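Chemist: Position 97 of the sequence shown, counting from 1, maps to 97 under my numbering, and the rest follow consecutively.
Ideal Cβ positions, reconstructed from N, Cα and C, are used throughout, including at glycine.
The model shown is predicted, which means the values in this text are computed figures rather than measured ones.
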Amino acid sequence: MRLDIISVVPDLMRSPFEASIMKRSIDKGLVEVHFHDLRDYSNNNYKQIDDYQFGGGAGMVMMVEPIDKCITKLKSERDYDEVIYMTPDGETLNQGMANSLSLKGNLVILCGHYKGVDQRVRDHFVTKEISIGDYVLSGGELGAIILCDAIIRLIPGVLGNETSALTDSFQDDLLAPPIYTRPADYNGWKVPEILTSGNTPKIEAWREEQALKRTQERRPDLLEE
Ligand code: ADE
1 MRLDIISVVP
11 DLMRSPFEAS
21 IMKRSIDKGL
31 VEVHFHDLRD
41 YSNNNYKQID
51 DYQFGGGAGM
61 VMMVEPIDKC
71 ITKLKSERDY
81 DEVIYMTPDG
91 ETLNQGMANS
101 LSLKGNLVIL
111 CGHYKGVDQR
121 VRDHFVTKEI
131 SIGDYVLSGG
141 ELGAIILCDA
151 IIRLIPGVLG
161 NETSALTDSF
171 QDDLLAPPIY
181 TRPADYNGWK
191 VPEILTSGNT
201 PKIEAWREEQ
211 ALKRTQERRP
221 DLLEE
């Protein structure tokens with residue numbers, strides 16, 4: 001998978017890709033991440049990429065031309081499956097979206113900043129608008145990182161144990177059951193006996209029951225869906 005991330009502050013985003021699973025995915029050659037500084041596509045010496053809103057109002061708007069130049073250049077080099085715009089008024093990210101995006105080959109991720117982008121960018125370039133939740137961030141960059149992490153860990157070969165992404169919370173519309181590791185008894189706090197019984201079918205049944213119980217208690221809305 002190739003991810004092209006367009007931003008006015010690309011440096012804000014580099015370090016998450018330099019550690020842990022996202023780094024491993026790049027080192028293994030399963031993912032390529034390219035950052036594009038929108039200021040490199042500005043049409044003036046001040047590297048201006050934003051301007052005042054027509055009609056008045058507080059806050060600057062990201063101009064169409066630098067974004068057009070950047071996306072058009074990328075598209076002239078390869079085909080993209082989606083041009084994603086990170087914005088609080090997009091579709092809220094969920095596991096299903098992460099699953100389907102993890103199957104794609106090339107994605108552009110455009111990070112909004114200031115008030116956001118000129119509507120014409122959304123009308124003519126963007127194919128998918130994603131929000132990471134009902135709150136407003138200073139820009140789409142942190143949201144883009146969350147989106148990339150959610151997608152990258154699902155790409156086959158990225159996680160060591162292929163099954164571990166499949167048993168995540170949300171993969172079957174259930175939250176994950178409680179998990180434990182050694183020691184089996186810590187200062188009298190004991191691990192449920194079933195987990196040390198070696199009886200795999202019973203363990204699976206216990207996990208399913210616990211996942212259902214946890215979902216009923218914490219996220220009954222998932223069961224209604
Ligand atoms: N940009 C600002 N707020 C955002 C959000 N909640 N999700 C995605 N991008 C954003």
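Ligand 1 and MET86: does any heavy atom of the ligand fall closer than 6 Å to the residue's C-beta?
Modeler: Mapped onto the sequence shown, residue 86 falls at position 86. For ligand 1, at least one heavy atom lies less than 6 Å from the Cβ of MET86.
Chemist: When burial is assigned at 16 or more other CB atoms within 10 Å of the CB, is ILE109 buried or exposed?
Modeler: Counting from one through the sequence shown, the residue named residue 109 turns up at place 109. By the neighbour-count rule (16 or more Cβ atoms within 10 Å), ILE109 is buried.
Chemist: Identify which residue in GLY57, TYR186, ASP50 has its Cα closest to the Cα of ILE67.
Modeler: To locate residue 67, count along the sequence shown from 1; it is residue 67. Nearest C-alpha to ILE67: ASP50.
Chemist: What does DSSP give as the partner residue(s) for ASP50 in the beta ladder?
Modeler: By 1-based counting over the sequence shown, the position of residue 50 is 50. ASP50 pairs with MET62.
Chemist: Note down the Cα distance separating GLY57 from GLU208, rounded to an integer number of angstroms.
Modeler: Your numbering for residue 57 matches position 57 in the sequence shown. Your numbering for residue 208 matches position 208 in the sequence shown. Taking the straight line from one Cα to the other gives about 53 Å.
Chemist: Would you mind giving the Cβ-Cβ distance between ASP118 and MET60, rounded to the nearest angstrom? I have them listed as a contact below 8 Å.
Modeler: Here the question's residue 118 lines up with position 118 in the sequence shown. Here the question's residue 60 lines up with position 60 in the sequence shown. The Cβ separation is near 11 Å, so there is no contact.
Chemist: Could you tell me whether the Cβ atoms of ILE130 and LEU93 are closer together than 7 Å?
Modeler: On the sequence shown, residue 130 is found 130 positions in, with the first residue counted as 1. On the sequence shown, residue 93 is found 93 positions in, with the first residue counted as 1. Yes.
Chemist: What first and last residue would you give for the beta strand (DSSP E) that runs through MET97?
Modeler: Numbered from its first residue, the sequence shown carries residue 97 at position 97. Per DSSP, MET97 belongs to no beta strand (DSSP E); it is in the alpha helix (DSSP H), 95–101.
Chemist: Three-state secondary structure (DSSP) at SER7?
Modeler: Here residue 7 refers to the residue found at position 7 when the sequence shown is read from its first residue. In this structure, SER7 counts as strand in the three-state DSSP scheme.
Chemist: Restricting to runs no shorter than 4 residues, where is the alpha helix (DSSP H) found entirely within the stretch 157–221?
Modeler: As far as the stretch 157–221 is concerned, its whole alpha helix (DSSP H) runs of at least 4 residues are 163–166, 200–218.
Chemist: Taking the alpha-carbon positions, what's the ARG190 to PRO178 distance?
Modeler: One-based indexing of the sequence shown puts residue 190 at position 190. One-based indexing of the sequence shown puts residue 178 at position 178. For the record, residue 190 in the displayed sequence is Lys; it is not Arg. Between LYS190 and PRO178, the C-alpha separation is close to 13 Å.
Chemist: Going by other Cβ atoms of all chains shown within 10 Å of its Cβ, with 16 needed for buried, is ARG153 buried or exposed?
Modeler: Your numbering for residue 153 matches position 153 in the sequence shown. By the neighbour-count rule (16 or more Cβ atoms within 10 Å), ARG153 is buried.
Chemist: For the beta strand (DSSP E) containing SER131, list its first residue and its last residue.
Modeler: As a first step, residue 131 must be located in the sequence shown, where it is residue number 131. From DSSP, the beta strand (DSSP E) with SER131 extends over 128–131.
Chemist: Who are MET86's beta bridge partners in DSSP?
Modeler: The residue given as residue 86 occupies position 86 in the sequence shown. According to DSSP, MET86 bridges with CYS111, ILE130.
Chemist: In its own chain, which residues sit with a C-beta less than 8 Å from the C-beta of VAL136, not counting the 5 before and 5 after it?
Modeler: Walking along the sequence shown from the start, residue 136 turns up at place 136. Excluding sequence neighbours, VAL136 sits near PRO88.
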